[in-house]
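Going down the list, the protein sequences come from chains A and B.
Using my numbering, read the first sequence as starting at 1 and increasing by one per residue.
Using my numbering, read the second sequence as starting at 1001 and increasing by one per residue.
Written out below as structure tokens is the structure these notes cover.
Number of protein chains: 2
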Amino acid sequence: MADTRTAARRSYPRDVVVRVLNESYDHPTAYTVYERARKIKPDISRGTVYRNLKLLTESSEALLLETGGEFAHYDGHTEEHSHFVCKKCGEITDIFAKPRVPEEISEMGLVVTEEKCIYYGYCNKCKEKDKKKEKKL
Amino acid sequence: MADTRTAARRSYPRDVVVRVLNESYDHPTAYTVYERARKIKPDISRGTVYRNLKLLTESSEALLLETGGEFAHYDGHTEEHSHFVCKKCGEITDIFAKPRVPEEISEMGLVVTEEKCIYYGYCNKCKEKDKKKEKKL
DNA sequence: CTCCTTATCAGTAATGATTACTATTATTAT
DNA sequence: ATAATAATAGTAATCATTACTGATAAGGAG
């Protein structure tokens, strides 16, 4: 006995959420994760999805992505990477290039354990659309 | 006449919001901005604050900061800079060091117009607390 | 294997930040 | 000044997320 800690138990609903995250490469919102989870376990509840998304992000098994849009997005692939968000269509693209952490930060005595870099702009598709528009004007 | 565009008008409530943002260096939440605006114009409404915060961030006159916490924060100082968030106390520190935008992004054809980098870790105060704790254990 | 503790769940109710709405006010061009 | 309409105060509505509750089940101890 002694020190019976609050530990994580394995459960099917949680596994379903993890599986959905692992199989998704489009940075789904919580609701989209819920919809996909329901295809596997139709009676999974919203609360379960939200609770597990929170637990998983807190334990760094998933990434929380706040892009400035209405909803939060989730990424089950935790290899270090950044994201590019198209301001026109909202598409999120993975950027597998490690951004340099400014030395200034550690010089200030701050201890950095994580970083989240989001780049904004226009994706290839939307970039082209703009060009066409300009021609019309 | 011709082309009567939707233009921004100057208004006192909007000026109040701008002034609060300019005078705040602690990255206030929308509600904090509202509280501070009320000290200047007691009958300013929440809707006005939210609407103007949205307009100001859309026009890049203010920065929207989503740190993973419960609320969004706002920063009226738009000189290019990043932020450091303490995972313990939540304090947000300005980092005036420009992070390098990975070349890979433009190589992918993506057009970058903005970037938001948030670093997470422990501030000087919380770092020290942890040290003391470790000694006890 | 059985018992026990309690983490987790499904389902539902509640929360509360943000947005929408509406009648009114105020800004700017003419 | 007048007209046109952007912006506001105040309030109601929205809806993503969280909290709650009784039931279930994971997993350690014996």
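Ideal Cβ placement from N, Cα and C applies to all residues, glycine included.
All values reported here derive from a predicted model rather than from experimental measurement.
Residue i and residue j closer than 7 Å at C-beta
i, j, result
"residue 1044 of chain B", "residue 1013 of chain B", "yes"
"residue 97 of chain A", "residue 1107 of chain B", "no"
"residue 1117 of chain B", "residue 1089 of chain B", "no"
"residue 1053 of chain B", "residue 1074 of chain B", "yes"
"residue 1123 of chain B", "residue 64 of chain A", "no"
"residue 1017 of chain B", "residue 1037 of chain B", "yes"
"residue 1081 of chain B", "residue 1092 of chain B", "no"
"residue 1120 of chain B", "residue 1087 of chain B", "yes"
"residue 66 of chain A", "residue 1070 of chain B", "no"
"residue 1042 of chain B", "residue 99 of chain A", "no"
Residue i to residue j span [Cα, whole Å]
i, j, result
"residue 112 of chain A", "residue 1072 of chain B", "21 Å"
"residue 50 of chain A", "residue 27 of chain A", "15 Å"
"residue 1095 of chain B", "residue 1032 of chain B", "22 Å"
"residue 1076 of chain B", "residue 58 of chain A", "29 Å"
"residue 29 of chain A", "residue 1128 of chain B", "37 Å"
"residue 1008 of chain B", "residue 62 of chain A", "41 Å"
"residue 11 of chain A", "residue 114 of chain A", "28 Å"
"residue 1102 of chain B", "residue 48 of chain A", "37 Å"
"residue 1046 of chain B", "residue 1035 of chain B", "9 Å"
"residue 1068 of chain B", "residue 85 of chain A", "17 Å"
"residue 1020 of chain B", "residue 1060 of chain B", "16 Å"
"residue 1024 of chain B", "residue 23 of chain A", "43 Å"
"residue 1079 of chain B", "residue 78 of chain A", "31 Å"
"residue 136 of chain A", "residue 1015 of chain B", "Note that residue 136 of chain A scores a pLDDT of 48, beneath 50, so its modelled location is shaky and nothing firm can be said."
According to DSSP, residues forming a beta bridge with residue i
i, result
"residue 90 of chain A", "Bridge partners of residue 90 of chain A: none, in fact."
"residue 1075 of chain B", "B/1063"
"residue 1085 of chain B", "B/1092 and B/1120"
"residue 29 of chain A", "A/73"
"residue 1114 of chain B", "A/120"
Amino acids of chain B, ordered along the chain, whose beta-carbon sits closer than 8 Å to that of residue i
i, result
"residue 64 of chain A", "1068"
Listed by chain order, chain A residues near residue i by CB distance under 8 Å
i, result
"residue 1052 of chain B", "Result: empty, since nearest Cβ-Cβ is about 17 Å, beyond 8 Å."
Per-residue contacts from residue i into chain A (C-beta, under 9 Å)
i, result
"residue 1110 of chain B", "84, 86, 93, 95, 119, 121, 122, 123, 124 and 127"
Exercise. Using a Cβ cut-off of 9 Å, which residues of the region 1076 to 1106 of chain B contact any Cβ in chain A, in chain order?
Worked result: 1082, 1084, 1086, 1087, 1093, 1095, 1096, 1097, 1098, 1099, 1100, 1101, 1102, 1103, 1104 and 1105
For this session: Give, in chain order, every residue of the region 113 to 129 of chain A whose Cβ lies closer than 7 Å to some Cβ of chain B.
Result: 113, 114, 115, 116, 117, 118, 119, 120, 121, 122, 123, 124 and 127
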